[in-house]
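Student:
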Amino acid sequence: MAKGRQAEGEDISLFPFLSVLACVIGTLAMVIATIAVQSLDNDAVDAAMEYQKKEKELQAETAALEQLRDQLKKREEQIKRENSSEQKKLEDAKKKLAELLAKLEETQNKLQNISIEGPKVNVAALTEEVGAMEEELKGRREEIAQLTKVIAERKLPPKEAENSILPGGSGVGFKPSFIECDDGRVVIHEDGKTIPVRTAELNTNPDFAKMLDKVKGQKDGTLVFLIRDDGLSTYNTARNYANAKGVKNGKLPVIGDGRVDLSYFTKQAKNS
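The following block contains the structure:
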């Protein structure tokens, strides 16, 4: 019986050892957990700091991008304004060019409608006519001088001077119609009547147009311009209109300021 009790008293209890082991394990677990938590917090902090840094950089880049966009928008608006101004200048230049071309074309058309070459003139006949005119003029001057002398002796009032128009050469082969060219006007002689027409109104005057049509319609019709000393410019204008209408025409100078006398041709017309 004694041996049995001794054997029972020598048994070793493992509970304290297990208790200590459990404490050690718990402590190690806590240490590991603490280290893990600390390591996790450091990574999160670093990540947060890196995020904030990147966020600031992104904000700065975004602001710079917006600034560039604003500058680009302003530049585009400036270019549009400049292009609009240049486009307007270009359109104005094109418009002026079109107007100039239209005026040039109109002028060219007018020049084409005006015959540069006048009617063909027989030089020999014209020379003969001029010689006859000079002889007639010489005789008229002598007659005027004699009449002036007689008037002075008799103390009579002088009558209006006249310029008689006579044909040169044979004076045969044409039917003359007369237009007198004065300063700033023409005077149409027809059927013993005179019709004055201002030079500026020749292109619209019905009497002048009627005379041109009449001469053109005659078989041997010729329009004779009687040119006064100051009527050369008027003659050039009237002749251009006659040439444009295809009217055969010629010219005779009128010396002095006296009234034109066409009685010779009036008599010839009655006798014919």
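Going by my numbering, 246 is the number at position 136 of the sequence shown; the sequence numbering is gapless. Just so it is clear, CB atoms sit at the ideal spot from N, CA and C, and this is done for glycine as well. Predicted model, so just to flag it, every value in this text is computed and none were measured.
In terms of DSSP beta bridges, what is Leu362 paired with?
Tutor: Your numbering for residue 362 matches position 252 in the sequence shown. In DSSP, Leu362 forms a bridge with Leu336.
Student: Going by C-alpha to C-alpha distance, which of Asp292, Lys326, Glu300 sits closest to Val364?
Tutor: Mapped onto the sequence shown, residue 364 falls at position 254. The shortest C-alpha separation from Val364 is found at Asp292.
Student: Check each candidate in Leu336, Asp301, Asp323 and name the one with the smallest Cα separation from Gly366.
Tutor: Taking the first residue of the sequence shown as 1, we reach residue 366 at position 256. The option with the nearest alpha carbon to Gly366 is Leu336.
Student: Using DSSP with H/G/I as helix, E/B as strand and the rest coil, what is Phe288?
Tutor: Here residue 288 is taken as the residue at index 178 of the sequence shown, counted from 1. Phe288: strand per DSSP, three-state reduction.
Student: What residues in its chain sit with their C-beta under 6 Å from that of Ser287, if we drop five residues either side in the sequence?
Tutor: In the sequence shown, counting from the first residue as 1, residue 287 sits at position 177. If we look at Ser287 and ignore the five residues flanking it on each side, its Cβ neighbours are Val325, Leu333.
Student: Are the CB atoms of Gln296 and Leu322 nearer to each other than 8 Å?
Tutor: Start at 1 with the first residue of the sequence shown, and residue 296 comes out as number 186. Start at 1 with the first residue of the sequence shown, and residue 322 comes out as number 212. Sequence check: residue 296 is Val here, not Gln. Not closer than 8 Å, so no.
Student: Could you compute how far the alpha carbon of Ser225 sits from the alpha carbon of Gly360?
Tutor: Residue mapping note: residue 225 aligns to position 115 of the sequence shown, counting from 1. Residue mapping note: residue 360 aligns to position 250 of the sequence shown, counting from 1. Low per-residue confidence applies at Ser225: pLDDT is 47, beneath 50, and the placement is therefore not dependable, though the value from the model is reported in the following sentence. If you take the alpha carbons of Ser225 and Gly360, they lie about 15 Å apart.
Student: What does the alpha-carbon distance come out to for the pair Gln328 and Ile275?
Tutor: Looking up residue 328 in the sequence shown gives position 218. Looking up residue 275 in the sequence shown gives position 165. Rounded to the nearest angstrom, the two C-alpha atoms are 21 Å apart.
Student: Going along the chain, which residues of its own chain have a beta-carbon closer than 6 Å to the beta-carbon of Thr304, five neighbours each way excluded?
Tutor: Numbered from its first residue, the sequence shown carries residue 304 at position 194. Hits under 6 Å: Val297.
Student: Any chance you could list the beta strand (DSSP E) runs of at least 3 consecutive residues sitting entirely within the region 290-315, in chain order?
Tutor: For the region 290-315, whole beta strand (DSSP E) runs of length 3 or above, ordered along the chain, are 295-300, 303-308.
Student: Mind checking who Gly331 pairs with in its DSSP beta bridge?
Tutor: Residue mapping note: residue 331 aligns to position 221 of the sequence shown, counting from 1. Paired residues: Lys285.
Student: Among Gly341, Ser373, Asn350, which has the Cα closest to the Cα of His299?
Tutor: As a working note, residue 299 is residue 189 in the sequence shown. Per the Cα distances, Ser373.
Student: Quick check: what's the CA-CA separation for Tyr345 versus Ala352?
Tutor: Numbered from 1 along the sequence shown, position 235 holds the residue referred to as residue 345. Numbered from 1 along the sequence shown, position 242 holds the residue referred to as residue 352. The straight-line gap from Cα to Cα measures roughly 10 Å.
Student: So what's Lys324 in DSSP terms, helix, strand or just coil?
Tutor: Working through the sequence shown from its first residue, we reach residue 324 at position 214. DSSP places Lys324 in helix when its eight states are reduced to three.
Student: Rounded to a whole number of angstroms, what is the C-alpha to C-alpha distance between Gly228 and Leu342?
Tutor: Residue mapping note: residue 228 aligns to position 118 of the sequence shown, counting from 1. Residue mapping note: residue 342 aligns to position 232 of the sequence shown, counting from 1. Unreliable placement is indicated for Gly228, whose pLDDT of 47 sits below 50; the coordinate value is still reported in the next sentence. If you take the alpha carbons of Gly228 and Leu342, they lie about 15 Å apart.
Student: With DSSP as the reference, label Gly136 as helix, strand or coil.
Tutor: Here residue 136 refers to the residue found at position 26 when the sequence shown is read from its first residue. The answer is helix: DSSP assigns Gly136 an H, G or I state.
Student: Compute the Euclidean distance between the alpha carbons of Ile145 and Leu178, then round it to the nearest angstrom.
Tutor: Here residue 145 is taken as the residue at index 35 of the sequence shown, counted from 1. Here residue 178 is taken as the residue at index 68 of the sequence shown, counted from 1. Whole-angstrom Cα-Cα distance: 49 Å.
Student: Beta-carbon within less than 6 Å of Gly331's beta-carbon, same chain only, minus the 5 sequence neighbours each way: which residues are those?
Tutor: Translated into positions along the sequence shown, residue 331 becomes position 221. Only Lys285, Val325 meet the Cβ criterion.
Student: What is the DSSP secondary structure of Lys355, counted as helix, strand or coil?
Tutor: The count along the sequence shown starts at 1 and reaches residue 355 at position 245. Residue state, collapsed to three classes: coil.
Student: With a threshold of 7 Å on Cβ separation, who are the neighbours of Ala348 within its own chain once the five nearest residues in sequence on each side are excluded?
Tutor: Position 238 of the sequence shown, counting from 1, holds the residue named residue 348. Contacts found: Ile289, Cys291, Val296, Leu312, Phe335.
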